[in-house]
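Trainee:
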Amino acid sequence: MTPKILFLIPLLPLLCGALNALAGRALPRRLAVALAVGGVAAAALVTLACWPLADGGGTRTVLYTWLASGKLQVPMAIYFDRLSASMTLMVTSVAALIHLYAVGYMKEEEAYARFFALLNLFVFAMLAIVLADNLLVLFLGWEGVGFCSYALIGYWYRERKNAEAGRKAFLVTRVGDVFLGIGLLWLFRLFGTLSITEINAGAHYLPPVLATILVLLLLAGACGKSAQMPLMTWLADAMAGPTPVSALIHAATMVTAGVYLLCRFFPLVQQSPAAMGAIASVGALTALYAATCALTQREIKRVLAYSTMSQIGYMFLAVGAGSVSAAMFHLFTHAFFKACLFMGAGCIIHLYGGENDISRMGGLGRRSPVVFWTFLGAALCLAGVPLTGGFFSKDAILAAAAGGGHPLFWLLLGVGLVTALLTAIYTFRLLYLVFAGECREHEPDHHLSPLMLWPLVPLALLGLGGGLLNLPPMVGGGETLTNYLGSLAGSAHAPSHLAESVLAVASALMVLGGWLLAKRLYGRGPAREESPLAGFLLRGWGADRMVELAILAPFRAFSRFFWRGIDGKVVDGLLDSAARGCGAWGEGLRQLTTGRISRYLAAFAWGLVLVLGWFLVNLGWGG
Amino acid sequence: MIVPFAHVLAISAAMFLMGLACVLVRRNLIMILIGVEVMLNAVGLTLAGASALWNQVDGQIFVIFLMAMTSAEVSISLAMVVYLRRRRGTIDADAFDEMRG
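Each protein sequence line maps, in turn, to chains A and B. Just add 1078 to the spot in the first sequence (first one is 1) and you have the numbering used here. Just add 10 to the spot in the second sequence (first one is 1) and you have the numbering used here.
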């Protein structure tokens, strides 16, 4: 089997997306939709077929040289090793299920060709990031993901709010992209190559200070895409898009890109303990921040959005603690259960006829058992209930933090445990408010298409059983994923078995505590009174307001100064007065053209006098 | 030459100025044309005088040309005066100010 076949993985979604973009409206709807789903599903199958190529040191293959200019050679290269292979399989399979769900979800929609074309393009861009062996190809995918998220979040662009959410996502992630761009250019300057494998191989020659700066630049880029502090404000607003888009952004593409970037560059990242501490701190703080915000959100999708932010924070913590395998493990289980949760949330909103306020829901458990059981399964994973996939992956991260050795990591471990408690609280709150008790306002009366129901089942099962991917030795597992990744798995020190068991028990207790607390607080319906703290958390600690005050308002004042002051007063003033002067001058001259011949003749005569006078004067001086 | 050249110049200058004054002061188109004729003849007189002074024939040839040109000019401009008179019923120069800016 020729390795070139690997290029089919990103190109199939691209091809189907292009077909839909160019001719989607002319195609019959069934064909257009089948193309979209088929492209991604075929990519998943190709990934499976190519699986052996990832063994050993992986496979590197070049399609053609994209750019060649002197020293700069940019081949369209794919690097298919165990890290990118497992990531690719996750992205394509989860995305295929989401596409299938989207077929049911967008049944009523007119602009389906645009939607599915962008969805496929989104998957293509993500695959370009995952498979790239070249910084420029990676950056192409990185920006492609940004563009597609913009276009898809603002899919219903006729409503101003949605278009603004799309723009916000684009602009906020762009802040991170700038740093990433600087980092990539700097890497090229240092290594003289854009190949990721070569950069990773040469990373240990870097002086520590330089490595720290470079990793911090990468971290800033990753923060933008993965919605980590301080670039996290876009993710909660990204809910404006259709639900399949949210599922895609939160599970398979986009937000995981930042984590993957750091994992991909782990040989570079581990050169700088300081930068790793920064990564872990950013992750842990975001995890805590987002979990507190999720506690009081009313819209079901916003709860899930903040939970994504929080879980991605865990993954950053894992990378910072040096455990790529724990980060990837959590990335996979999270992708499964979060896709299921979002798609379940889409079903719930659909059942309630567009209602997305959980305080008005309730009693859905009896109405739609499939949605209830799958959502419950995925939510238990999110909460980290023991023996679910989420429990094991979160535990692996906490264990990695415990093995971090530095006192900072003990602090971050504490933050992680508190976050686990909060996660359990908001997850069970969500479950109680949506499914338990009696229906509070709208009676669910809508019908769900089977296409929206059955993709939930495999995802929920994958989430629940996701622990099998990487069972810790503590419960008799063999750490399959860690062993599979081998040298790519990172450099974390495993804590002692005793510490690991203590951690597992502690996080199980956190979940239990969270459940009991949520049951006590929300078992009988939503909290009635509005405390100022709840409002503060509802607004996400006023992060938007802070950004507004700290950056946007000064920037706006600055712009207004340049617009009204410099451009309006000075530049326009100068030009306007010059024009007015010319106008007045012309107006004065216009008075001379009376049209009377006698005047002209008189002027002629005076002119003659002047010329003669001039000659006379010259004659007088010239002698 | 019997007449001193200075006298010729003085007479032609006087004629030129009188013609100019006629052109500038009068409003009647025909009078303006007559003024132009006077000025042209003043120039012709100067040319003839200068030709006699330096014994060169050029000046006199020039005067012949001048006469031919003047007759053509007068015939055209008088035709235009007639035309304008028919159109407007007047030959007052100030009545024709359509070129006002």
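Even glycine gets a Cβ: it sits at the ideal position worked out from N, Cα and C.
Using only the alpha-carbon positions, how far apart do residue 1416 (chain A) and residue 1646 (chain A) sit?
Mentor: Residue 1416 (chain A) and residue 1646 (chain A): Cα-Cα distance of roughly 51 Å.
Trainee: Mind checking who residue 102 (chain B) pairs with in its DSSP beta bridge?
Mentor: For residue 102 (chain B), which the question treats as bridged, DSSP gives the partners B:38.
Trainee: What whole-angstrom Cβ distance do residue 1286 (chain A) and residue 1359 (chain A) have, given they're in contact under 8 Å?
Mentor: 18 Å between Cβ atoms; not a contact.
Trainee: I'd like to know whether the C-beta of residue 1676 (chain A) is nearer than 9 Å to at least one C-beta of chain B.
Mentor: Yes, residue 1676 (chain A) lies at the interface with chain B (some Cβ there is under 9 Å from its Cβ).
Trainee: Closer than 9 Å, CB to CB, is residue 1697 (chain A) near chain B or not?
Mentor: So, not an interface residue.
Trainee: Do residue 1311 (chain A) and residue 1250 (chain A) have their CB atoms nearer than 9 Å?
Mentor: For residue 1311 (chain A) and residue 1250 (chain A), yes; Cβs fall inside 9 Å.
Trainee: Using a C-beta cutoff of 9 Å, does residue 1679 (chain A) count as contacting chain B?
Mentor: Yes, residue 1679 (chain A) lies at the interface with chain B (some Cβ there is under 9 Å from its Cβ).
Trainee: Among all the DSSP beta bridges, which residues are the ones paired with residue 1146 (chain A)?
Mentor: DSSP output for residue 1146 (chain A) lists A:1151 as bridge partner(s).
Trainee: Just to confirm the assignment: which complete alpha helix (DSSP H) runs, minimum length 4, are found wholly within the stretch 1601 to 1652 of chain A?
Mentor: Taking only runs of at least 4 residues, the alpha helix (DSSP H) segments lying wholly in the stretch 1601 to 1652 of chain A are 1610 to 1616, 1621 to 1625 and 1631 to 1638.
Trainee: Along chain B, which residues have their Cβ under 7 Å away from the Cβ of residue 1673 (chain A)?
Mentor: Simply 107, 108, 109 and 110.
Trainee: Taking residue 1197 (chain A) and residue 1180 (chain A) to be in contact with their CB atoms under 8 Å, please state how far apart those CB atoms are, rounded to whole angstroms.
Mentor: About 7 Å separates the two Cβ atoms, so the contact holds.
Trainee: Assuming residue 1531 (chain A) and residue 1466 (chain A) form a contact by the criterion Cβ under 8 Å, report the distance between their Cβ atoms to the nearest whole angstrom.
Mentor: No, residue 1531 (chain A) and residue 1466 (chain A) are not in contact; Cβ-Cβ is about 21 Å, not under 8 Å.
Trainee: Have a look at residue 30 (chain B) and residue 45 (chain B) and give me their C-alpha separation to the nearest angstrom.
Mentor: Each residue's alpha carbon lies about 6 Å from the other.
Trainee: Alpha carbon to alpha carbon, how far is residue 1664 (chain A) from residue 61 (chain B)? Give it in angstroms, no decimals.
Mentor: Distance between the alpha carbons of residue 61 (chain B) and residue 1664 (chain A) is about 48 Å.
Trainee: Mind pulling the chain A residues with CB within less than 7 Å of residue 33 (chain B)?
Mentor: Near residue 33 (chain B) (Cβ distances below 7 Å), the residues of chain A are 1679.
Trainee: Could you give the C-beta distance for residue 1615 (chain A) and residue 1374 (chain A), rounded to a whole number, given that I count them as a contact under 8 Å?
Mentor: Contact holds; Cβ gap of about 4 Å.
Trainee: Let me know the beta strand (DSSP E) ranges lying completely inside the stretch 1337 to 1371 of chain A, each 3 residues or longer, listed in chain order.
Mentor: Correct list: empty.
Trainee: Going along chain A, which residues have a C-beta under 7 Å from residue 30 (chain B)?
Mentor: Near residue 30 (chain B) (Cβ distances below 7 Å), the residues of chain A are 1683.
Trainee: Does the beta-carbon of residue 1698 (chain A) have 16 or more other beta-carbons within 10 angstroms, so that it is buried, or is it exposed?
Mentor: Exposed, because fewer than 16 other Cβ atoms sit within 10 Å of the Cβ of residue 1698 (chain A).
Trainee: Is the distance from the Cβ of residue 1254 (chain A) to the Cβ of residue 1219 (chain A) below 9 Å?
Mentor: No, Cβ-Cβ distance for residue 1254 (chain A) and residue 1219 (chain A) is not below 9 Å.
Trainee: For the 8 Å Cβ check, are there 3 or more pairs between the stretch 1324 to 1343 of chain A and the stretch 1158 to 1174 of chain A?
Mentor: With the cut-off at 8 Å, the stretch 1324 to 1343 of chain A and the stretch 1158 to 1174 of chain A touch.
Trainee: Measuring alpha carbon to alpha carbon, tell me which residue in A:1612, A:1097, A:1585 and A:1239 is nearest residue 1752 (chain A).
Mentor: The requested residue 1752 (chain A) is not part of the displayed model; chain A covers only 1079 to 1701.
Trainee: List the residues of chain A that residue 103 (chain B) touches, going by C-beta distances under 8 Å, in chain order.
Mentor: Those within 8 Å of residue 103 (chain B) in chain A are 1674, 1675 and 1676.
Trainee: For residue 1711 (chain A), does the count of other Cβ atoms within 10 angstroms reach 16, so buried, or fall short, so exposed?
Mentor: Residue 1711 (chain A) is absent from the structure shown; chain A starts at 1079 and stops at 1701.
Trainee: Cβ closer than 8 Å: which chain A residues qualify as neighbours of residue 95 (chain B)?
Mentor: Going along chain A, no residue has its Cβ under 8 Å from residue 95 (chain B), so there is no contact; the nearest lies around 15 Å.
Trainee: For residue 1396 (chain A), I'd like the list of residues in its chain whose CB is within less than 7 Å of its CB, leaving aside the five on either flank, ordered along the chain.
Mentor: These residues qualify, in order along the chain: 1404, 1405, 1408, 1475 and 1478.
Trainee: Using a cut-off of 8 Å between C-beta atoms, extract the partners of residue 37 (chain B) located in chain A.
Mentor: Within chain A, the residues near residue 37 (chain B) are 1676.
Trainee: Within the same chain, show all residues whose beta-carbon is closer than 8 Å to that of residue 1190 (chain A), passing over the 5 residues directly before and after it, in chain order.
Mentor: Here the set comprises 1102, 1107, 1110, 1111 and 1184.
Trainee: Can residue 1125 (chain A) and residue 1178 (chain A) be called in contact, C-beta distance under 9 Å?
Mentor: No, the pair does not count as a contact, with Cβ atoms beyond the cut-off.
Trainee: If we ignore side chains and look at the alpha-carbon of each, how far apart do residue 1508 (chain A) and residue 1161 (chain A) end up?
Mentor: Their backbone Cα atoms lie some 34 Å apart in a straight line.
Trainee: Could you tell me whether the stretch 16 to 24 of chain B touches the stretch 1669 to 1678 of chain A, using the rule of 3 or more Cβ pairs below 8 Å?
Mentor: Contact between the stretch 16 to 24 of chain B and the stretch 1669 to 1678 of chain A is absent, because fewer than three Cβ pairs lie under 8 Å.
Trainee: Can you give me the C-alpha to C-alpha distance between residue 1268 (chain A) and residue 1283 (chain A), rounded to a whole angstrom?
Mentor: Taking the straight line joining both Cα atoms gives about 11 Å.
Trainee: Please say whether residue 1394 (chain A) and residue 1456 (chain A) have beta carbons closer to each other than 9 Å?
Mentor: Contact flag unset, no.
Trainee: The alpha helix (DSSP H) with residue 1704 (chain A) in it runs from where to where?
Mentor: Summary: the structure shown does not reach residue 1704 (chain A), with chain A confined to residues 1079 through 1701, and so no result is reported for it.
Trainee: Taking the Cβ atom as the reference point for each residue, do residue 1134 (chain A) and residue 1158 (chain A) lie within a distance shorter than 9 Å?
Mentor: No, the Cβ-Cβ distance between residue 1134 (chain A) and residue 1158 (chain A) is not below 9 Å.
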